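This report concerns only the one structure given below.
Protein chains: 2
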Amino acid sequence: MTNTLAHRRELCFWGWGYTDQGLTPEEETHVARLASGLGAEHKPGPAPRLEEFDLAAPRIAAPDNLSPILSCTPYDRITHGYGKSFGDLVRMQMREMPNPPDWVAFPRNEEDIAALMEFAASSGAALIPFGGGTSVCGGVEPDVGGDYGAVISVDLQYLNRVLEVDKTSRAALIEGGALGPELEADLKPHNLTLRHYPQSFEFSTLGGWIATRAGGHFASNYTHVDDFVESVRMLTPAGVMVSRRLPGSGAGPSPDRMMIGSEGTLGFITRAWMRLQDRPRFRASASVSFPGMEQAWSAVRAISQAALFPSNCRLLDPAEAMMNGVGDGDTALLVLAFESADHPLQAWMARALELAGDHGGSWDQAAVDRSLSGSDSADEDGEHRQGAAGQWRNQFLRAPYYRNYLTPAGVIVDTFETSITWDRFEDLYQGVRERVGRSLKEVTGTDCMLSCRFTHIYPDGPAPYFTFYAMGSREGDMASMLSRWREIKLAANEAVVGLGGTVTHHHAVGRDHRPGGYDDQAPPLFRRAFAGARRELDPTGMMNPGVLVDTPDRRATARGVLVD
Amino acid sequence: MTNTLAHRRELCFWGWGYTDQGLTPEEETHVARLASGLGAEHKPGPAPRLEEFDLAAPRIAAPDNLSPILSCTPYDRITHGYGKSFGDLVRMQMREMPNPPDWVAFPRNEEDIAALMEFAASSGAALIPFGGGTSVCGGVEPDVGGDYGAVISVDLQYLNRVLEVDKTSRAALIEGGALGPELEADLKPHNLTLRHYPQSFEFSTLGGWIATRAGGHFASNYTHVDDFVESVRMLTPAGVMVSRRLPGSGAGPSPDRMMIGSEGTLGFITRAWMRLQDRPRFRASASVSFPGMEQAWSAVRAISQAALFPSNCRLLDPAEAMMNGVGDGDTALLVLAFESADHPLQAWMARALELAGDHGGSWDQAAVDRSLSGSDSADEDGEHRQGAAGQWRNQFLRAPYYRNYLTPAGVIVDTFETSITWDRFEDLYQGVRERVGRSLKEVTGTDCMLSCRFTHIYPDGPAPYFTFYAMGSREGDMASMLSRWREIKLAANEAVVGLGGTVTHHHAVGRDHRPGGYDDQAPPLFRRAFAGARRELDPTGMMNPGVLVDTPDRRATARGVLVD
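Which chain is which? The protein sequence lines are A and B, in order. Okay, so the first sequence: first residue is 1 according to our numbering, each after it adds one. Okay, so the second sequence: first residue is 1001 according to our numbering, each after it adds one.
Here it is, written out as structure tokens:
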């Protein structure tokens, strides 16, 4: 039995993607070569099967009124038991899940969610909002601590409609459980797009993006989903909180900004009015090579401060460029692009390239000109999907799938990301490479690959994104690989926060980014204030305990009551 | 005796500006004509003098440790007793101030503020942060309600330095009490500018802007000061809360966004790292006429959705254009401008004008070309300060001074502003003119002038700003004018919020925008959550009680304790 209540294509519970997706033979050859290059001697065995997991029985019974929307099949519990971090994938390989959700709920509407909250309040259970389950920081894991009688993972997949489209204001009212492709399909007939493409686009939801302040398609100006939120409707244990649709406001602190980034600790984001874009008609793209990293980031700084607002401005450091097959190990590569639904982009691209040239950048002008002369069809097969830019784009979308092979082969592959002001960027860049590089070497005993790219840029600083590959266990011993990964993860948290960055620019905090990271970074008084706000909305502390803030202290009664 | 502890030029306590500023003879003729055109028969009498105010003695004594920074001179108490709303000016004419601050504090540093907080906690006093005192919504008025033993207005004018400049990231650490001209003077040698010019620029402070989410110079993209805040340092009764300098972050809800807009209810904004701009070198400007309002706003909508980001895009409706001497009563006028420190703006302006032309706009291309060919010196005397744009700009800066004459003449002149999505703009525009127009007529018994301009634009809607002139009292009876104004103000709050807008896009909430406005607009659960956050930061409820939220209920003890 797989699932009883879900309506979506079956997800690969132990890895990335749907069960009917996999690596192409070429990709398999590529990742196998990568693994053996790192010294992996282990060939992945058969994929985990549901029956290999020894799940504890649900700790509470489903009440009659909720049983139509509650499932406790192994498939449902296991797919909702972890996110998609490296540690999650390893534990799937270990066939271990000590804290599965007792039940998985599939509410059809807000009334169902309210009924779940009533049940949670009376039974002492915790609720975990579950969108697409792509958290890479333990944001959906039922390991809630405290004295919760049970944990219910609440999957919003039935709240997946675009309810209303306002062409005039270019906005739409969308339900929180809509996956990226679902909402884009509904917007396409209107020639509109949300144009928010995190790497997880296919498998993550609007509500999840808002709850985690996801980073999207645009490398500048509109970097986070935050910028597209016009209003939010959140169902909290204290009732519904809905902000007014407004293009801008100065009436007190922004209600939206309290809900954005709340990571399920205040309530469920059931709907949001989102600002949309017209579908782009004009594009310009360029791949600019720099003889070294310093020239490259200086160029990006100049571009970021020129108010040209490129849609893509992804700088690959020499290591990253080489790992992506588009560099020689010395060269840094800037993937630069502009797009518009309104106007040709010659002036924008020309000035950005001039700035790149001022800092030693070189590029193929004929390719740039070809990109500029493209029309609508450029979207599908033009210059933009070709060359270095296209190659990089393909890697970007396929990379998460590689982990399905690399993890069981004993290879640690993971990423972490931050942002930092320009004045401290160089120290952070060198410092992270040194500190995390040292940790990688000490923990794994081998040389490792650590590379960096910029995902987003701001006038006052970049958002560097680090990727590393390391030999986790030559013999494929998942338990030791897991503890090694945890050590490296902690070192990464400590490095980016210790060097002045944020523990996360767009991957969220969850449970994994707290030690050495968010717990050190967030102003202590802000955390107290936020906990004070939360007590008003969730007086019994049922919502995603342990994420962002400590699991609330509750009296050990059936109906938990927060203790100050 | 005027003031003992202030170090700034002496402010005109009963009106706008410094005491040594006034209307030019031409301006006086202009406003006198305006007043008599409205039917005013009253000639303003002599200006209020301090000794005409009958101030109650301070209700508490200054403790020894604070007496060097506390003043109770009539000048200090009276200049800190009201803001600069129309109602404030009328009450100054009435020589009435039933709730002056008991003391005015001039702290030299954070330690002084902490000492004030200690005193407030022990004496049951309330503290009101005071920047430049230009609030037009009762944000600094000591009418706090409740059982506060005294009120101390805390003037931050000694915290007015630029402490650090980071050229690389284009950012500066600035103290909260710095006036616009003070901080710009310190940034100018670095060829940097905050470029935040609210109408109150000369008389308002960085901390005030952040606390009230002030609207600034840029008509699009960077509309509120919020966008320039990199980090905030706030001194709360519970201690210092300081956020990390970051260009962007996804680590939980933004701490800055809780402090931005808090209007003094959480603590004092003592410092902030602010994102800066290079000083502009390129400019382009145009005045575009439209045969009617509908074409005009459709053009602005098209421009706002084209991602061209004009620095100015102020649409004057036919009434506003006429009142500013740049229209015939049918024509709407768009003042359109681009600026850049980096690149010439031909492509940007050409496309924006193309869009304006698509909607029936016409303009003087030769004037546009002249504006484009200007160089640095254009800043001072080029096309940008000439013609309709220049005329409008001058009106913008001088308008607040006109009220010094018009108020005692018995003329009500006031503004209110909002924002709304495009789909509902026309209903709001017509509805406000109808409802507020009706209220004006009913209350004053005469025909009134009500006009509208856009101050800021967004892809999903404009920020309309309404101005009205009405005969308040033919005989110059200030008391009846005040009650008439209050009735109209309430009608305006109810109209903009009832029609779906925000009660304020950038004038803040204070005490005056609550009834019929913020109290209806803000999500009730958000207000509860915010109150919960506030209890953590200000457990005795000493900070600016009555602003944004109700005055906290406190037990009537010397040391107030919040009651839930």
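Even glycine gets a Cβ: it sits at the ideal position worked out from N, Cα and C. On a predicted model such as this, the values are computed, not experimentally measured, just so you know.
Need the endpoints of the alpha helix (DSSP H) that residue i sits in, please.
i         : result
A:Val300  : Met293 to Ser304
B:Phe1526 : Pro1524 to Leu1537
B:Val1368 : Gln1365 to Ser1373
B:Ala1090 : Looking at the sequence shown, residue 1090 of chain B is not Ala but Val. Start and end: Phe1086 to Gln1093.
A:Val31   : Pro25 to Gly37
A:Ala350  : Gln346 to Asp358
A:Arg511  : Looking at the DSSP string, A:Arg511 is not in any alpha helix (DSSP H), and its letter there is neither H nor E.
B:Ala1321 : Pro1318 to Met1323
A:Val239  : A small correction: the amino acid at residue 239 of chain A is Gly; Val does not occupy that position in the sequence shown. It is not in any alpha helix (DSSP H) - A:Gly239 instead sits in the beta strand (DSSP E) that spans Gly239 to Val242.
For residue i, report the span of its beta strand (DSSP E) as first-last.
i         : result
A:Glu175  : Ala171 to Glu175
A:Gly586  : In this structure chain A extends from 1 to 564, so residue 586 of chain A is not present and cannot be described.
B:Ala1332 : Ala1332 to Ser1340
B:Arg1275 : Phe1268 to Arg1275
B:Asp1166 : Val1162 to Asp1166
A:Val503  : From DSSP, A:Val503 is part of no beta strand (DSSP E); its letter is neither H nor E.
A:Arg8    : Where A:Arg8 is concerned, there is no enclosing beta strand (DSSP E), given that its DSSP letter is neither H nor E.
A:Ala105  : Trp103 to Ala105
A:Ala185  : It is not in any beta strand (DSSP E) - A:Ala185 instead sits in the alpha helix (DSSP H) that spans Gly180 to Leu187.
How long is the line joining the alpha carbons of residue i and residue j, rounded to whole angstroms?
i         : j         : result
A:Ser377  : A:Ala171  : Confidence is the limiting factor: at A:Ser377 the pLDDT is only 40, short of 50, which leaves the residue's position unreliable and the question unanswerable from this model.
A:Glu380  : A:Ala341  : For A:Glu380, the predicted model reports a pLDDT of 43, less than 50, meaning its position is unreliable; a value from the coordinates is still stated below. In a straight line, the C-alpha of A:Glu380 is about 16 Å away from that of A:Ala341.
B:Gly1461 : A:Pro247  : 5 Å
B:Glu1383 : B:Ser1371 : Because the pLDDT of B:Glu1383 is 46, which lies under 50, any placement of that residue in the model is unreliable, and the number read from its coordinates should be weighed accordingly. B:Glu1383 and B:Ser1371: Cα-Cα distance of roughly 5 Å.
B:Ile1069 : B:His1506 : 32 Å
B:Gly1357 : B:Trp1348 : 14 Å
A:Val443  : A:Gly410  : 14 Å
B:Lys1084 : B:Ala1321 : 25 Å
A:Asp147  : A:Arg59   : 12 Å
A:Leu576  : A:Asp414  : Residue 576 of chain A is absent from the structure shown; chain A starts at 1 and stops at 564.
A:Ala531  : A:Asp519  : 14 Å
B:His1217 : B:Thr1223 : 7 Å
B:Glu1339 : B:Asp1369 : 14 Å
A:Tyr18   : B:Asp1226 : 42 Å
B:Gly1476 : B:Leu1406 : 10 Å
A:Gly82   : A:Arg511  : This sequence places Tyr at residue 82 of chain A; Gly is not what is there. Going from the Cα of A:Tyr82 to the Cα of A:Arg511 covers about 12 Å.
A:Arg535  : A:Gly541  : 7 Å
B:Glu1041 : B:Asp1328 : 27 Å
B:Pro1552 : B:Ala1352 : 50 Å
B:Arg1474 : B:Gln1093 : 15 Å
A:Asp186  : A:Phe290  : 41 Å
B:Ala1367 : B:Ile1128 : 49 Å
Three or more beta-carbon pairs under 8 Å between the segment 222 to 241 of chain A and the segment 520 to 529 of chain A, yes or no?
no
Enumerate, from N- to C-terminal direction, the unbroken beta strand (DSSP E) stretches of 3 or more residues contained entirely within the segment 1198 to 1228 of chain B.
none
Between the segment 1280 to 1300 of chain B and the segment 1245 to 1265 of chain B, do at least 3 Cβ pairs fall closer than 8 Å?
no
What are the residues of the segment 218 to 247 of chain A that lie near chain B, defined by any Cβ-Cβ distance shorter than 9 Å?
Asn221, Thr223, His224, Asp226, Glu230, Met234, Thr236, Ala238, Gly239, Val240, Met241, Val242, Ser243, Arg244, Arg245, Leu246 and Pro247
Sequence ranges, alpha helix (DSSP H) only - wholly within the segment 109 to 153 of chain A, length at least 4
110 to 123
Segments of 4+ residues assigned as alpha helix (DSSP H) that fall wholly inside the segment 384 to 470 of chain A:
387 to 406 and 422 to 444
Can you give me, in chain order, the residues of the segment 1505 to 1532 of chain B that have a beta carbon less than 9 Å from any beta carbon in chain A?
His1505, His1506, His1507, Ala1508, Val1509, His1513, Gly1517, Tyr1518, Gln1521, Ala1522, Pro1523, Pro1524, Leu1525, Phe1526, Arg1527, Arg1528, Ala1529, Phe1530, Ala1531 and Gly1532
Using 8 Å as the cut-off, can you tell me whether the segment 1115 to 1126 of chain B makes contact with the segment 1161 to 1179 of chain B, which would need three or more C-beta pairs spanning the two stretches below that distance?
no
Counting pairs of beta carbons, one from the segment 151 to 160 of chain A and one from the segment 98 to 110 of chain A, are three or more of them closer than 8 Å?
yes
Counting only Cβ-Cβ distances shorter than 8 Å, please list the residues of the segment 1012 to 1033 of chain B near chain A, keeping chain order.
none
Taking only beta carbons into account, state which residues of the segment 1273 to 1296 of chain B come closer than 8 Å to chain A, listed in chain order.
Arg1275 and Asp1278
Three or more C-beta pairs under 8 Å: does that hold for the segment 1448 to 1463 of chain B against the segment 1418 to 1435 of chain B?
yes
Given 8 Å, three or more beta-carbon pairs between the segment 1262 to 1269 of chain B and the segment 1542 to 1553 of chain B
yes
Residues in the segment 1341 to 1356 of chain B with C-beta within 7 Å of chain A's C-beta atoms, listed in sequence order?
Asp1342, His1343, Ala1347 and Arg1351
Report the residues of the segment 1314 to 1340 of chain B with a CB closer than 8 Å to any CB of chain A, ordered along the chain.
Ser1340
With contact counted as at least three CB pairs below 8 Å, one residue from each stretch, are the segment 158 to 166 of chain A and the segment 134 to 144 of chain A in contact?
no
Inter-stretch contact (C-beta, 8 Å, three-pair minimum) for the segment 1311 to 1318 of chain B and the segment 1437 to 1454 of chain B:
yes
At a CB distance below 8 Å, what residues from the segment 1531 to 1545 of chain B approach chain A? Give them in sequence order.
Ala1531, Gly1532, Ala1533, Arg1534, Arg1535, Glu1536 and Leu1537
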